[in-house]
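Below you'll find the structure, written out as structure tokens, and then a few comments.
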Amino acid sequence: MGDRHMKRRMEGEDEGKDATRRRLLLAAGELFAQRGFDATSIRDIARKSKTNIAAVNYHYATKDNLYLAAVQYVADKMVARRDKALGGMDGRSLPPTQAAAVLRELIDREVRAYLSADVPEWYAQLLLRALLAKGPALESLFDRILHPDHVVLRQLLRAAAPHLTEQETTLWAYSITGQIVFYCLGREAILIEQKRTEYSDPFVRAVAAHITGVILSGIGITEQPVKAGRRPPRNIREDVNK
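Numbering-wise, this note's numbering comes out as the position in the sequence shown, counting from 1, plus 6.
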């Protein structure tokens, strides 16, 4: 009886530690995204997470470690969405029509991952901050998202449009990322111009359809294949006005 009681107690303590660690991570991530690394103090993080400075030191040791952990946490969330879109497929082995369909699905998931209202806005803000600053966070972001994403995009682009040169493929991959980043960086200005308080789901779908259309048209694919069982997007002008 005593051993079982001790085991349950230890498991409960472990769960409590995990919960505290997660609260610190999420609170820090949001503050780092909003204020930046230098303007966020350990005291601020402890206050927002309803813990204390000792908890920050115990779980992460330094603010740098906590910042890196927050960036890696968000990066892993984004990677999971990309992998779900690919479903284990190798873009290099796909026929052009299927590669174009997978590319459409991937762009749609990437746009939703960064712009949808059901995804915390600070996710994209934190990754953009990490993207603009040299250091371990940028290196982690490059290894976890930037390089793997562009490898996948280039594979799909070359499979969908075999006539593309290596340089053209790379530039089109950058164009996909650049368009998504624009809607992240320009969110507040776009919301003001559009007289919105947030990116609505119809608007996000319209953005995804627009980016996909621009890319597929640009690489010479006039008809945009639709994945089996999936309805084609509605008219972009109709969606944007909602």
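We put the CB at the ideal spot given by N, CA and C, even for glycine.
{"Item": "Continuous alpha helix (DSSP H) stretch holding residue 51: start and end", "Value": "48 to 55"}
{"Item": "Sufficient close CB pairs (3 or more, under 8 Å) joining the segment 126 to 145 to the segment 55 to 65", "Value": "no"}
{"Item": "Cβ pair residue 46, residue 38 closer than 7 Å", "Value": "yes"}
{"Item": "Option nearest residue 6 by Cα separation, candidates 208, 154 and 98", "Value": "Within the shown structure, residues of the chain are numbered from 7 to 248, placing residue 6 beyond reach of any answer."}
{"Item": "Selected residue, minimal CA-CA separation from residue 56, among 227, 139, 160 and 29", "Value": "29"}
{"Item": "Rounded Cβ spacing between residue 143 and residue 31 (contact assumed at less than 8 Å)", "Value": "Their Cβ separation, rounded to whole angstroms, is 14 Å, which puts residue 143 and residue 31 out of contact at 8 Å."}
{"Item": "7 Å Cβ cutoff met for residue 81 and residue 147", "Value": "yes"}
{"Item": "Member of 68, 78, 67 and 58 whose CA lies at the smallest distance from the CA of residue 35", "Value": "78"}
{"Item": "C-beta atoms of residue 139 and residue 159 nearer than 7 Å", "Value": "no"}
{"Item": "Close beta carbons around residue 43, own chain, < 7 Å, minus the five adjacent residues each side", "Value": "73"}
{"Item": "Helix, strand or coil at residue 202 [DSSP, three-state]", "Value": "coil"}
{"Item": "Given 8 Å, three or more beta-carbon pairs between the segment 167 to 176 and the segment 107 to 117", "Value": "no"}
{"Item": "Residue 162 and residue 109 closer than 7 Å at C-beta", "Value": "yes"}
{"Item": "Residue 68 - DSSP class collapsed to helix/strand/coil", "Value": "coil"}
{"Item": "Member of 40, 59 and 204 whose CA lies at the smallest distance from the CA of residue 49", "Value": "59"}
{"Item": "Those runs of the alpha helix (DSSP H) which lie wholly inside the segment 152 to 207 and span at least 4 residues", "Value": "153 to 166, 172 to 191 and 193 to 200"}
{"Item": "Three-pair Cβ contact test at 8 Å for the segment 184 to 201 versus the segment 210 to 229", "Value": "yes"}
{"Item": "Cβ pair residue 54, residue 76 closer than 7 Å", "Value": "no"}
{"Item": "Residue interval of the alpha helix (DSSP H) (run including residue 142)", "Value": "142 to 147"}
{"Item": "Residue 192, buried or exposed, once every other Cβ within 10 Å from all chains shown has been counted against 16", "Value": "exposed"}
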